[in-house]
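Mapped onto the working numbering, the consecutive letters of the sequence shown carry residue numbers 119 to 269.
We put the CB at the ideal spot given by N, CA and C, even for glycine.
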Amino acid sequence: MASFHIKNNGYLLLELLIAISILMTLLFMGTPGLSWHRQYYAVDAMTREIIMDLHQLRQQAVGNGLGGMDDWCLSVRNQEYRIVQNGYIVYKKRSFSNIVDIPIEESRKDFRFDEQGKPKGKNMRLTVRSTDGRYERRIIIAAQTGRIRVE
119 MASFHIKNNG YLLLELLIAI SILMTLLFMG TPGLSWHRQY YAVDAMTREI
169 IMDLHQLRQQ AVGNGLGGMD DWCLSVRNQE YRIVQNGYIV YKKRSFSNIV
219 DIPIEESRKD FRFDEQGKPK GKNMRLTVRS TDGRYERRII IAAQTGRIRV
269 E
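Encoded structure:
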């Protein structure tokens, strides 16, 4: 009589399904961390962009030396900010993503610099934060020097 030896060289379908379900469970456990990194990046990117635009406005004011004759303004509104020249020419318009929120007390907040690079205005602070409020960055412009820093 011939004897048959059956070799099991592969995996059963049930074993593969269990392994895939374990891997998927581990993958989805790490997903909330990925959304956190996305919010972190969006807030930092928006903060960097606003800072670059503020530096550009300051350089424009110092370079022109014209004071009120060539007025540049960064105006923050509900879900966007604009760079406006002389009150009516829109130089740049940037909307915020649905991840980023910039809370302001009034309907809009304007940032201007004089010909010496000092800010025109009292409260020269801006907060950029994620919509869930877990992460935020503050942009602060020093009143005496016009230095722009981030906290």
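- Straight across, the Cα-Cα distance linking P237 with R267 is about 13 angstroms.
- In its chain, beyond the 5 residues on either side, M164, Q197, E198 and I220 have a beta carbon closer than 7 angstroms to the beta carbon of F214.
- The closest CA to that of K240, considering only H155, R255, Q177 and A260, is found on A260.
- Beta-bridge partners of R243 (DSSP): I258.
- Across the structure, R243 and L145 are spaced so that their CA atoms are roughly 40 angstroms apart.
- The three-state secondary structure of E223, taken from DSSP, is coil.
- For S213, the enclosing beta strand (DSSP E) begins and ends at I207 to S213.
- Residue range L131 to M147 is occupied by the alpha helix (DSSP H) that includes E133.
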